[in-house]
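Numbering (the UniProt record's numbering), first residue to last: 1 to 620. I have placed the structure first, in the form of C-alpha cells, so that the comments after it can refer back to it.
So this is what it looks like as C-alpha cells:
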C-alpha cells in the first residue's frame, strides 16, 4: 500500500492518541456517570464498559491495531470468511427471495407475480399442511417463468411428495433441466427438531433426490440446512451455527453413503440462518458460518468445496405483534447486516408476520427494503465491507471458535440426530432462552414499542390467520411474548368491562422533581397494557381526593427520594384510607409506611406487571 506524504494525511495536524489517554478520558466520564468508583483505576474502565453475549463472548468497548485477529483470505477463496463468491460475483448483490405460505393458491399466485414484477428474484414456497396445498402448486405458479425465477420448496413432512410434484410441474411445462434453479428443501433433521419425531422424513430419503439433482439439474440443490429453528427456540448465535454445522456434516455422510462424490455432496447443500437487528452480531455470524464450513471441507480433504451457500432470513423471534410497524426498522437493519455479512440470498419477513398472513402492503414494504439497500444504498456493490475491522474480525473468530466447540460436543454425543433425540440440543437451547427471557423481563434487552415506549392507543391491523408451522419438538419463541401476553390480558379486561386497567400516579412536588419518575412509571405500566391517571400536589388529602375521582384502585407514588422521606408515608396512608388496595412507589426498594411494591430501572418488569394486573383484578 502506498503511504501518502506526511502533509496529506488527514490526521497530520493532530498528535497521535494512545490507549492510555483513552482509558484516562473514558474513566473520567465513567466516574461522573456513576459507573466507576472514585478510587478505581483507569485500567479497569474496559471491564466496566464491556458486555457479554449469550455465548459468553466479551465485547470490548474499544478495539485497536493490537487486537489479535487471524488471516481471512480473499473473497471466493479459502477459508471463505470474506465471501464464498468471488469479488466480482459478490459485488452483483444478493438474491431477493420472498416467502409465501398462503394456503389459497390464487392469492399466492397474485402475490408471487407482484413480487417477481417488483424486485424479487426468487421464491420460497411453504407447501403442505403449513402452507400451499401440494395440488395447488401449479396454480400458485401460474404465469411464472420457472427457467428465470429460482424456487425453494419448504414442505416439512411432505417434502418427498412436494419434490415429485415439483418435477411433474417442470415436465408438464417443458422447462429445460439446465435452467431450473432453487432448492428442493429436504431437511430431515430440521423437521426432526421441529416435530420431535424422525419418522416423517427419513434421513436417508435425501440421497436419491440429491443424486437426481446432481445428475440432471446443475442449478438445483436438494438439501436445506435450516438453522432458524434453533434461533427461534431461543438459541445463541454460536448454538445456531454449531447445530447447522453438525446437521450439514450429517447430510454429507448421508449423501456420500448414498453414492454421491464428496464434491457433489457439498454442492447439494444450502444453509439458512436468522438475521437480527443486532447488526454486528449478524455480520459476524454469517462470516463465522463460512469459516466453520470451510474447516469441515478442509478436514474432509476438499477445502475448495467449502464455499457455503447462505440464505439469511430476518428473524421471526424478534418480530412483534404489538406496534408491528417497528418491525420495518428491525428488518431493515437485519437485511443490511445480512447483505454486508455476505449472504447469497436474503428474505425480509413482512412487518405483520406475527399477526397472520401478510397483506400486499406488507409484502411490498419487505421487497422495497431490499430494493432500497441494493439499488439506492448500493450495499451489494462492496464485498465484505466489514472486513478488516478489528472488532468484526475478532468477533467473527471468537464466535467461530465457540460454535466449533458446540459442534464438537454434538459430534461427541453421536451426531445431530442423537443430540436431538437425547435432549442435548433442547436442554442447551432452553438454558439460553431462560437467560434471554430474564434479560427481556428486566428490560436489559429492550423491545421498542413493547417493553419500551408502548402505544396503548394503537389500532392493530387485522390479518387472516396463518397456517401453523410443524410443532411437537423445539419451542418457537418470540422475544416480545411475555409482555404481549400481559397486554392481551389487559385488552381482554377492557373488552369485558369497558374500562382499561388503570393505576393512579401520585406525583409529589413540582414537575421538575417528579416528572422523570412519573414518565418512567407510565412507560413501564403501559408495557402491561395498564393506563395511568396522574394527580399532583403535596397535600395527602388532596391526592386522596384525586385518587377517588380517578376511579382507580391501585396507586403509585412518583417523586424524588428526598420527598419520599418526608411524604411517602402520609400520602400512602391517605391513599389507603381512600380505598387503594395497594400502594406502589417508583424508586429503589426502601421501607416506607404503607408502600408494598416498587417500580425501578432494572426491576423484573414482567413480574411487577403480573402483580399489578392481579392487584387490579385482571383475569389471567
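We put the CB at the ideal spot given by N, CA and C, even for glycine. Only a predicted model underlies this, so the values are computations on that prediction, with no experimental measurement involved.
Report the rounded CA-to-CA distance for residue 624 versus residue 340, giving the unit in angstroms.
Not covered by the structure: residue 624. The range shown for the chain is 1 to 620.
C-alpha distance - residue 451 paired with residue 588, whole-angstrom precision
19 angstroms
Identity of the residue in 79, 226 and 338 nearest residue 373 by Cα:
Ranking the options by Cα distance to residue 373, first place goes to 338.
Comparing C-alpha positions only, which one of 405, 246 and 222 sits nearest to residue 230?
Comparing alpha carbon positions, the residue from 405, 246 and 222 closest to residue 230 is 246.
Closest to residue 327 by CA distance: which of 240, 277 and 343 is it?
277
Residue 600 (DSSP reduced to helix, strand or coil)
coil
Please return the same chain residues whose Cβ sits closer than 6 angstroms to the Cβ of residue 439, not counting the five positions on each side in sequence.
445
Which one or two residues does DSSP pair with residue 273 in a beta bridge?
312
Which partner residues does residue 100 have in the DSSP bridge list?
125
What's the C-alpha gap between residue 291 and residue 84?
10 angstroms
Where DSSP assigns a beta bridge to residue 186, which residues make up the other side?
223
Compare the beta carbon distance of residue 286 and residue 312 with 9 angstroms and say whether it is the shorter of the two.
Yes, Cβ-Cβ distance for residue 286 and residue 312 is below 9 angstroms.
I'd like to check one pair, residue 90 with residue 342: are the Cβ atoms closer than 9 angstroms?
yes
Helix, strand or coil, according to DSSP, for residue 335 in the structure here?
helix
Using a Cβ-Cβ cutoff of less than 8 angstroms, which residues in the same chain neighbour residue 298 once the five nearest sequence positions on both sides are dropped?
Sequence-distant Cβ neighbours of residue 298 in its own chain, meaning closer than 8 angstroms and more than five residues away, are 78, 79 and 306.
Per DSSP, which one or two residues make a beta bridge with residue 147?
Answer by DSSP bridge pairing: none, since residue 147 is not bridged.
Return the residue from the list 562, 465 and 188 that minimises the CA-CA distance to residue 130.
Residue 465 is the option with its Cα nearest to residue 130.
With DSSP as the reference, label residue 36 as helix, strand or coil.
coil
Per DSSP, what kind of secondary structure is residue 1 in: helix, strand or coil?
Interpretation of residue 1 is limited by its pLDDT of 46, a score under 50 that renders its predicted location unreliable; no figure is taken from the coordinates.
Short of 7 angstroms in beta carbon distance, which residues of its chain neighbour residue 1, apart from the five on each side in sequence? Order them along the chain.
Confidence at residue 1 is low in this model, with a pLDDT of 46, below 50, so the placement of that residue is unreliable and no value is reported for it.
Would you mind reading off the limits of the beta strand (DSSP E) that contains residue 584?
582 to 586
On the three-state DSSP scale, how would you describe residue 476?
Correct three-state label for residue 476: coil.
For residue 310, which of 528, 616, 282 and 410 has the nearest alpha-carbon?
282
Given this structure, state the Cα-to-Cα distance separating residue 560 from residue 513, to the nearest angstrom.
Their backbone Cα atoms lie some 6 angstroms apart in a straight line.
Give me the DSSP bridge partner(s) of residue 59.
51
Which runs of the alpha helix (DSSP H), 4 residues or longer, sit entirely within the stretch 530 to 576?
Taking only runs of at least 4 residues, the alpha helix (DSSP H) segments lying wholly in the stretch 530 to 576 are 540 to 550.
Which same chain residues, not among the five before or five after residue 540, have their C-beta less than 6 angstroms away from its C-beta?
570, 571 and 574
Roughly how many whole angstroms lie between the Cα atoms of residue 651 and residue 107?
Coverage of the chain is limited to positions 1 through 620, which leaves residue 651 absent and any answer about it impossible.
What residue does the alpha helix (DSSP H) around residue 18 start on, and which one ends it?
No alpha helix (DSSP H) holds residue 18; DSSP gives it neither H nor E.
If residue 349 sits next to residue 366, beta carbons under 8 angstroms apart, how far is it from one beta carbon to the other, in whole angstroms?
Contact holds; Cβ gap of about 7 angstroms.
Cβ of residue 182 within 9 angstroms of Cβ of residue 220?
yes
Can you list, in chain order, the residues of its chain whose CB lies under 8 angstroms from that of residue 631, leaving out five sequence neighbours each side?
A question about residue 631 goes unanswered here, because the residues of the chain that appear run from 1 up to 620.
Backbone CA spacing between residue 409 and residue 402 [nearest angstrom]
In this structure, the CA atom of residue 409 is about 11 angstroms from the CA atom of residue 402.
Proximity winner among 319, 417, 347 and 262, relative to residue 152 (alpha-carbon distances)
Ranked by Cα distance from residue 152, the options 319, 417, 347 and 262 are led by 347.
What's the call for residue 92, buried or exposed, on a 16-neighbour Cβ count within 10 Å?
exposed
What's the C-alpha gap between residue 627 and residue 314?
A query on residue 627 cannot be resolved here, the shown segment of the chain reaching from 1 to 620 and no further.
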